[in-house]
Amino acid sequence: MRLKSAEFYNNEFLKIRNELSTAINKCFGNLSKYAYFSGTFAYGGAKKKKSDIDITIVFKNAVYLLKKDKFINNLKEFIKKYENIHKKYNYCLDKVFSGEYVTVSQIEDAIKGRGFSVNKKGHLYLPLASNRYYLKNREHWFRAWLSSIAFSVPVNKGPGLSVSNKINAWQTIILFILATTKTDNLDANSILVFLLNNSNKWAGMGITKHYIFFKEMEAKVVEKALKSLQSKGFLVVRNGMYKKVKNKLYEWEKEISKSILSGKVKRSPFLFDREDIKLLQKQSG
651 MRLKSAEFYN NEFLKIRNEL STAINKCFGN LSKYAYFSGT FAYGGAKKKK SDIDITIVFK
711 NAVYLLKKDK FINNLKEFIK KYENIHKKYN YCLDKVFSGE YVTVSQIEDA IKGRGFSVNK
771 KGHLYLPLAS NRYYLKNREH WFRAWLSSIA FSVPVNKGPG LSVSNKINAW QTIILFILAT
831 TKTDNLDANS ILVFLLNNSN KWAGMGITKH YIFFKEMEAK VVEKALKSLQ SKGFLVVRNG
891 MYKKVKNKLY EWEKEISKSI LSGKVKRSPF LFDREDIKLL QKQSG
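Counting in my numbering, the sequence shown runs from 651 upward without gaps.
Now the structure itself:
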């Protein structure tokens with residue numbers, strides 16, 4: 651018998667959320683702004699002994715002022731606790747990316763489209779991803795962060811910033827879909843079905859059928875995002891369905907492409923260099 655969402659989010663999920671929230675507070679204190687789950691675990695599709703518990707911790711920009719050695723030590727302490735929680739609940743820690751650690755400004759850049767690629771004609775696209783793809787170029791991480799903030803379930807209750815970022819990320823994703831596909835005459839359900847029909851987690855936005863409670867959890871958020879896009883002139887409503895305003899979408903894509911190519915969108919620096927990443931991977935190995 652299939653588990654219902656209320657059962658899932660109020661049993662083991664709740665225990666893991668509480669333990670991770672405690673670990674975050676102990677290791678980082680007020681330095682963390684908020685944290686969220688993403689991936690299959692966030693939507694009830696994670697498998698024991700195979701899946702990891704995807705988590706992203708968003709730090710205040712003040713973290714850039716902290717001595718790196720101190721921050722790395724705090725992070726190593728957290729990863730130990732994070733790994734122990736995986737072992738306790740029989741999940742499998744991702745040894746390549748043992749959690750995601752970003753800043754408020756990096757999330758803002760991701761929402762502004764920093765993770766998209768631009769082809770020779772100036773159009774946005776997303777190439778097929780892989781672990782190698784993400785390790786080869788750190789700029790690609792912004793692609794993953796955009797998806798993760800949109801498709802997320804909170805670990806701890808942060809301020810309204812986390813909610814607004816989630817809706818804004820959804821708007822960026824919807825605009826990308828509308829600008830790069832022939833999709834039209836849509837509603838919240840058709841957007842969710844479009845994403846769930848993806849058979850390869852490395853393609854597009856990374857959603858697959860294994861996100862069991864995805865439609866149920868995200869329907870209201872997508873509707874809010876669509877209404878916001880309507881108010882901004884990207885969509886009009888006809889016969890109860892949303893239709894795209896093509897010239898408005900064209901201008902949006904053009905603006906995002908220019909900001910990527912010019913580097914204008916690249917405001918926030920990275921928290922880690924390649925040596926830091928190797929050190930953290932060794933820590934989780």
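Backbone N, C-alpha and C fix where the C-beta goes; we use that ideal spot for every residue, glycine too.
Checklist entry - Ala685 bridges to which residues according to DSSP? => result What you label residue 685 is simply residue 35 of the sequence shown in a count that begins at 1. Per DSSP, Ile707.
Checklist entry - Would you report the Cα separation of Trp791 and Ser912, rounded to the nearest angstrom? => result Here residue 791 is taken as the residue at index 141 of the sequence shown, counted from 1. Here residue 912 is taken as the residue at index 262 of the sequence shown, counted from 1. Approximately 18 Å, taken between the alpha carbons.
Next on the checklist: Can you check which of these residues, Lys870, Glu662, Gly856, Asp744, is closest to Leu778 by C-alpha distance?
Outcome noted: As a position in the sequence shown, residue 778 is number 128, starting the count at 1. Among Lys870, Glu662, Gly856, Asp744, the Cα nearest to that of Leu778 belongs to Gly856.
Next on the checklist: Taking its Cβ as the centre, do 16 or more other Cβ atoms sit within 10 Å of Gly890, making it buried, or is it exposed?
Outcome noted: Locating residue 890 in the sequence shown gives position 240, counting from the first residue. Taking a 10 Å sphere around the C-beta of Gly890, we find fewer than 16 other C-beta atoms and assign the residue as exposed.
Checklist entry - Who are the Cβ neighbours of His860 in its own chain at under 6 Å, not counting the five residues just before and after it? => result Counting from one through the sequence shown, the residue named residue 860 turns up at place 210. Closer than 6 Å at the Cβ level, and outside the excluded window around His860, lie Thr690, Gly695.
Next on the checklist: If contacts are defined as beta-carbon pairs under 8 Å, then Lys851 and Thr858 qualify, I think. What distance do you get, rounded to the angstrom?
Outcome noted: As a position in the sequence shown, residue 851 is number 201, starting the count at 1. As a position in the sequence shown, residue 858 is number 208, starting the count at 1. Correct: roughly 5 Å between the Cβ atoms.
Checklist entry - Can the beta-carbon of Ser798 be found closer than 8 Å to that of Thr706? => result The sequence position of residue 798 within the sequence shown is 148, counting from 1. The sequence position of residue 706 within the sequence shown is 56, counting from 1. Annotated as proximal: Ser798 and Thr706, with beta-carbon spacing under 8 Å.
Next on the checklist: For Phe863 and Phe920, I'd like the C-alpha separation in whole angstroms.
Outcome noted: What you label residue 863 is simply residue 213 of the sequence shown in a count that begins at 1. What you label residue 920 is simply residue 270 of the sequence shown in a count that begins at 1. Going by the C-alpha atoms only, they are around 33 Å apart.
Item to check | Sequence-distant residues of the same chain with beta carbon closer than 6 Å to Ile761, five excluded per side | outcome: In the sequence shown, the residue the question calls residue 761 occupies position 111. Closer than 6 Å at Cβ, skipping near neighbours: Asn818, Ala819, Thr822.
Checklist entry - By a C-beta neighbour count over all protein chains shown, 10 Å radius and 16 as the cutoff for buried, is Asn711 buried or exposed? => result Position 61 of the sequence shown, counted from the start, is the residue given in the question as residue 711. Burial call: exposed.
Checklist entry - Do the segment 669–683 and the segment 728–736 touch if we need at least three Cβ pairs shorter than 8 Å? => result Yes, the segment 669–683 is in contact with the segment 728–736.
Item to check | Between the CA atoms of Lys904 and Gly772 - distance to the nearest angstrom | outcome: Counting from one through the sequence shown, the residue named residue 772 turns up at place 122. Counting from one through the sequence shown, the residue named residue 904 turns up at place 254. Rounded to whole angstroms, Gly772 and Lys904 show a C-alpha spacing of 7 Å.
Checklist entry - Rounded to the nearest angstrom, how far is the Cβ of Phe709 from that of Lys683, given a contact under 8 Å? => result As a first step, residue 709 must be located in the sequence shown, where it is residue number 59. As a first step, residue 683 must be located in the sequence shown, where it is residue number 33. Going by Cβ atoms, the distance from Phe709 to Lys683 rounds to 6 Å, so yes, they are a contact pair.
Checklist entry - Taking the beta strand (DSSP E) that Lys893 falls in, what are its first and last residues? => result In the sequence shown, residue 893 corresponds to position 243, counting from 1. Where Lys893 is concerned, the enclosing beta strand (DSSP E) stretches over 891–894.
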